Amino acid sequence: MKHTHIRLTTLLLSSPECADRGAARPAAKRLNDTLFSVPILPPELIHAQMERILASSGFARSERLRRFLSYCVQRSLAGEAEDLKEYRIGVEVFDRGEEFDPRLDNIVRSHAHRLRLALQVYYEQEGVTDALLIALPKGSYVTTFEERHSEVPAPRPSHRFFSARILALGLAVIVFFALGYLTGHVARSPAAPAAKIEAGILLPADLQQQGVGALSPDNRWMVFPASGPGGYRLWLRGMDAASAHPLPGTEGGNSPFWSPDGRFVAFFANQKLWKVRVPDGPAQVLCNAPLSYGGSWGDSGTILFAPQSTGVIYQIPDTGGEVRIATRLDPARAEQAHRWPSFLPGGRDFLFFNRSLKPGLTGFYLGSLDSTRTTLVLAQNSISNVQVVATPDSARHYLLHVNEGALTARAFDLRARRVSASPHVIAAGLPFLEGSYNFSASSRSLIFLRGSGRNASRLTWFDRTGRVLGKTGPPGDYQGLELSPDASRLAYVRVDEAYGTLDVWLMELARGMAARFTSDVANEYNPVWAPDGREIVFTTERFGIASLMRKALSGDAVESRLLATQATQFAGDWSRDGRSILYSEDHNQTHFDLWILPWLPGPGKPRRLLATPANERQGHLSPDGRMVAYESDRTGRSEIFVAPVDPRPGSVVEHQVSSAGGLRPRWDPAGAGIYFLSSDAELMFSPVAWRAGEPDPVVPQALFATGGASSFSVAADGKRLLINVPEPSAHHRVLPLIVNWSSDLP
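In this text, residue positions in the sequence shown follow this note's numbering: the first is 82, and each later residue adds one.
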C-alpha cells in the first residue's frame with residue numbers, strides 16, 4: 082500500500098496572557114512574524130541546515146560567527162524579530178556589557194557583514210548543492226529561509242500583496258487540514274490510506290516549555306508544563322483550538338498523565354501527587370511524592386507512580402487512600418530504579434523502565450498489579466518512558482520508546498506480551514529528559530521534543546542589582562551550581578544524554594575548562610564543598626539508594642561512603658568550621674528530615690536536626706553555623722524556612738521566609754540574609770537578624786528576574802552571584818507533531 086506523507090508548517094499556539102499584553106502584536110502581524118519570516122518548512126530541517134553550515138570549514142574557524150548565526154536563526158524561528166536588535170546582539174552574542182553603545186562600537190555591524198560574506202562563500206563552495214538557503218538580508222538581523230530552485234521562477238505579484246494573499250489562504254488551509262486530521266473532522270474516503278502529517282505547535286514567546294506533556298486518550302487535549310509570566314504550571318490546549326490556558330491549581334506541576342476517560346489529569350507538584358479535573362479544576366492532593374519519575378492511570382481505577390530517582394513503583398486508588406508497593410527491586414538482578422510505569426490495555430499489567438547495575442538487564446519490564454514479579458521485555462541502556470499504543474482501528478499495537486536519541490516503534494503482541502525485534506525509527510534527535518517524558522502518543526497523534534533536553538544555559542556573573550558582570554564557559558547543561566570557597570572553581574551536575582545518568586563536573590572558572598569529577602554508571606549529584614576546598618561530598622545511587630559519598634580533589638583520591646544505611650539521603654551543606662555535614666534523609670512517618678553528621682574528622686554519630694510531617698530538603702547552614710535555611714512543603718508547596726540549629730526549649734522552631742513559593746536557599750556569606758529563587762525564577766533576598774535569641778526574617782526583596790534559571794551560587798565576597806541563565810532556544814518553542822504516526826509502519 083502506498084502511504085501519503087505530508088509536511089506542514091508550524092501551527093501557532095497562543096495564550097490569553099499573551100493576547101492581553103501590549104507586547105503582543107495584532108494577529109496578522111504576529112502570524113506574519115512567526116510564519117512568513119519562517120517559511121513553510123519544518124523547523125528541524127532549518128536546524129539541520131544551520132548545523133551543516135556551522136560545521137563547515139569557514140564557520141568552524143570563527144566561534145563568533147557560529148554564535149551570531151545560531152542566535153539569529155533561533156530568534157527568527159521563534160518569531161522574536163523584535164529581539165534581533167543591535168544592542169541586544171552585542172550584549173548576548175558578543176558579551177558586551179550593559180554599557181554597550183552601538184553608535185560607538187560597530188562590532189555587531191562589522192560581524193554582520195562578515196556573516197553575509199561567509200554565507201555567500203559557503204553556498205558557492207561547500208553548500209553548492211544544499212536545498213535550503215539561510216540568509217541575513219542587509220539592514221536586518223532577521224534570517225530568511227527558502228528552498229533553492231534550479232529554475233528561474235515566474236514573475237510574482239508584489240511582496241506585500243503576495244504575502245497577504247498567501248497568509249489568508251495558506252494559513253487557513255494549513256490550519257484546517259492539520260486540525261481536521263487531528264480531530265478526525267476532515268472527510269476522506271474510507272478506502273484512502275491515512276496520510277502521515279508532520280507539523281509543529283509553536284508556543285508563544287512568553288512561555289518556556291518544560292518537558293513534552295501528554296496527549297489525552299481521545300486525542301482532544303494536550304496538557305504540558307511551561308513557565309511564563311504567572312510562574313510555572315500546567316497548560317491545557319484543545320487539539321482543535323489555537324490557544325492554551327493554565328489549569329487551575331497546578332502551580333509547579335510536571336510529568337502530567339491522563340485518566341483513561343480523559344476527564345482528569347494527574348501530575349506531580351510540590352513533592353506531592355495530585356489530580357485535577359479538566360478543563361477548570363479543582364485540584365486534589367492524592368499522596369506524598371518527593372520527586373517525579375512518571376505515572377500511569379489504569380482502567381481499573383489504580384494510579385501507578387514513581388516518586389524517587391531510585392527505588393520502586395507505588396500504587397494508589399485514583400480516589401486517594403492507601404499507598405502500596407507495586408514492584409520490588411530484585412537484588413539478584415542488581416536493580417536500582419523502577420521508573421516510567423505505563424499501563425497496558427485492561428488496567429492490570431504495565432510496563433516500566435528498570436535500571437540495573439548488571440549488563441544486559443537494564444530496560445523495559447512487564448509488571449502486574451496482581452504480583453510483584455517482573456519480566457524483562459526489551460533490554461536497552463538509554464533511559465526513556467514507554468507506551469504501548471493501539472492504531473486507530475485497534476488492529477495493531479506498537480511499543481514506543483526512545484533509544485540513544487531515536488524515537489522508535491516496535492510491533493507489540495498484546496496477547497503474548499512480546500515485542501518485535503525489528504525497530505522502526507519515527508524521529509531522531511530526541512534528548513534525554515531527567516524527570517520528564519520524552520514523548521506522548523495517542524492512537525492518532527504523537528508529540529515529542531527535539532534538541533537539548535534541558536535548555537542550554539550560560540554561566541553568567543551578576544551583582545545584586547542584576548547587572549551582568551561577565552560570562553564563563555560555553556553554553557551547556559549546568560545544574561546544581563556550587564562555587565568553591567575561593568570561587569575559583571565550580572562544581573555542577575551534567576546529564577549524559579545517551580544514557581541519562583548524572584555526573585558531577587568541575588570547572589576552572591578563569592579558563593572555562595571542565596572535567597568530569599564522578600564517573601560511576603549510577604547517578605551522582607548534589608556536590609558540596611569542604612570549607613578548605615580540598616574535598617567534595619555528593620549524593621550517589623551506586624548502592625541502589627541515594628547515599629552520601631566523599632572524595633578528595635587530589636589525583637587518585639579514594640571515594641568513601643559516609644553512612645551505610647537503607648534510608649535515602651541527599652547531601653546539603655558542609656559547615657564553615659568543617660565540623661558538621663548537613664543532609665536530608667527520608668523516613669516513612671516524617672518523610673524528608675534534616676540531619677547533622679558531626680565531622681571529627683571522619684563521621685561521628687548523626688543527629689536529627691528537624692523532623693515534621695512535611696518534607697524538609699535543600700538545607701544550607703548560616704556562616705556562623707547557628708541557623709539553617711531549607712525548603713519545606715508544609716504549606717502545600719515549596720517555601721523557604723529558617724530555624725535555629727540548637728533551638729532554646731519552648732522557642733518557635735520554624736520561621737517562614739517566603740510566601741509565594743521558594744527554591745534553593747543560600748546564605749549571604751556575611752550571614753545577613755538568605756538568597757533563594759521564587760516560583761517564577763526571580764532571585765529573592767530576605768534579610769535575617771536575631772531577635773530574643775531567635776532568627777527574625779523580614780519580607781523578601783525581589784532582586785531581579787533570572788530568565789528561567791534553576792540554579793545559582795553566591796561567591797565568598799558576597800558581591801557576585803553565578804547563575805545558569807537559559808539560552809534562547811527555538812527547540813523548546815516548536816513542539817514536533819506527527820498525525821497518523823503509525824500509517825507507514827508494517
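Even for Gly, the Cβ is constructed at its ideal location relative to N, Cα and C. Predicted model only: the values in this text are computed from it and were never measured.
*For Gln-206, name the three-state secondary structure that DSSP assigns.*
Coil.
**Prompt:** With Phe-149 and Leu-214 assumed to form a contact (beta carbons below 8 angstroms), what rounded beta-carbon distance in angstroms separates them?
**Reply:** Actually they do not touch by this definition, with Cβ atoms about 18 angstroms apart.
Exercise. Tell me, which residues are paired with Asp-494 by DSSP?
Worked result: Arg-499
### Task
Figure out for me which residue from Trp-378, Gly-742, Ser-465 and Asn-466 has the closest Cα to the Cα of Asp-430.
In this structure, Trp-378 is the residue among Trp-378, Gly-742, Ser-465 and Asn-466 with its C-alpha nearest to the C-alpha of Asp-430.
query: Does Ser-143 get closer than 9 angstroms to chain D when you measure Cβ to Cβ?
result: Note that chain D does not occur in the displayed structure, where there is just one protein chain.
Next item on the list: Indicate the three-state DSSP secondary structure (helix, strand or coil) for Pro-555 in the structure shown.
Entry: In this structure, Pro-555 counts as strand in the three-state DSSP scheme.
Item checked: Contact set for Ser-297: own chain, Cβ-Cβ below 6 angstroms, skip 5 residues either direction -> Trp-339 and Gly-343
Q.
Using CA atoms only, rank isn't needed, just tell me which of His-736, Arg-436, Ser-449 and Val-304 is closest to Val-769.
A. Comparing Cα positions, the closest option is His-736.
Review point. Going by other Cβ atoms of all chains shown within 10 Å of its Cβ, with 16 needed for buried, is Glu-132 buried or exposed?
Key: exposed
| task | Please say whether Leu-367 and Ala-347 have beta carbons closer to each other than 9 angstroms? | result | yes
- Query: If you compare alpha carbons, which of Leu-372, Tyr-152 and Ser-565 is closest to Asn-696?
  - Reply: Leu-372
Own chain partners of Arg-657 with C-beta closer than 8 angstroms, once the 5 adjacent residues on each side are dropped:
Pro-612, Leu-702, Pro-704, Asp-705 and Gly-706, listed in sequence order.
### Task
Indicate the three-state DSSP secondary structure (helix, strand or coil) for Ser-447 in the structure shown.
A small correction: the amino acid at residue 447 is Leu; Ser does not occupy that position in the sequence shown. Looking at Leu-447 - three-state DSSP - the assignment turns out to be strand.
* Asked: At what residues does the beta strand (DSSP E) containing Gln-389 begin and finish?
  -> Premise fails: Gln-389 is in no beta strand (DSSP E) and is neither H nor E.
### Task
Please report the residue range of the alpha helix (DSSP H) in which Ile-170 lies.
Unbroken alpha helix (DSSP H) run through Ile-170: 167 to 173.
TODO: Compute the Euclidean distance between the alpha carbons of Ile-819 and Ala-492, then round it to the nearest angstrom.
DONE: Looking at the two C-alpha atoms, the distance is approximately 18 angstroms.
* Asked: Taking three-plus beta-carbon pairs below 8 angstroms as touching, is the region 744 to 761 in contact with the region 498 to 513?
  -> no
### Query
Mind checking whether Ala-216 and Thr-224 have CB atoms under 9 angstroms apart?
Yes, the pair counts as a contact, with Cβ atoms nearer than the cut-off.
Reference Leu-488, options Arg-592, Tyr-152, Ser-767 and Pro-817, closest by Cα: Pro-817
Worksheet item: Applying the criterion that 16 or more other CB atoms from any shown protein chain within 10 Å of the CB defines a buried residue, is Met-320 buried or exposed?
Response: buried
Would you mind stating whether Ser-390 and Arg-420 have Cβ atoms separated by less than 9 angstroms?
yes
Q: In the DSSP assignment, find the unbroken alpha helix (DSSP H) run with Gln-352 in it and report its ends.
A: Element bounds for Gln-352: n/a, residue is neither H nor E.
For Phe-433, list the residues DSSP reports as bridge partners. For Phe-433, which the question treats as bridged, DSSP gives the partners Tyr-446.
DSSP has Pro-778 in a bridge; who is on the other side? Val-769
How far does the alpha helix (DSSP H) with Phe-149 in it extend, from its first residue to its last? 144 to 158
- Quick check: the region 671 to 690 against the region 404 to 414, are there 3 or more CB pairs under 8 angstroms? no
Which of the three DSSP states is assigned to Arg-414 in this structure?
helix
Bridge partners - Thr-225, DSSP secondary structure assignment:
Ala-216
inquiry  = Please return the same chain residues whose Cβ sits closer than 6 angstroms to the Cβ of Gly-593, not counting the five positions on each side in sequence.
reply    = Annotation for Gly-593: Thr-553 and Gly-554 place their beta carbon closer than 6 angstroms to its own, counting only its chain and skipping 5 residues before and after.
Identify, in the order they occur along the chain, each residue of the same chain with its Cβ nearer than 8 angstroms to the Cβ of Ile-301, setting aside the five sequence neighbours on each side. The identity of residue 301 in the sequence shown is Arg, whereas the question assumes Ile. Cβ within range, chain order: Thr-264, Gly-319, Met-320, Asp-321 and Gly-343.
Check your understanding: Whose C-beta lies closer than 8 angstroms to the C-beta of Thr-453 among residues of the same chain, with five residues either side of it excluded?
Key -> Ile-406, Ala-407, Thr-408 and Arg-409
Is the Cβ-Cβ distance between Arg-745 and Glu-720 less than 9 angstroms? no
Simplified DSSP assignment, three categories, for Arg-344 = In this structure, Arg-344 counts as coil in the three-state DSSP scheme.
_Distance CB(Val-458)-CB(Arg-414) smaller than 9 angstroms_ = Between Val-458 and Arg-414, the gap from beta carbon to beta carbon reaches 9 angstroms or more.
Report all residues from its chain with a CB closer than 7 angstroms to the CB of Val-806; omit the five preceding and five following residues, and keep chain order. Ser-538, Arg-539, Thr-541, Thr-787, Gly-788 and Ala-790
Review point. Between Asn-435 and Glu-605, what straight-line distance do the alpha-carbon atoms span, to the nearest angstrom?
Key: 18 angstroms
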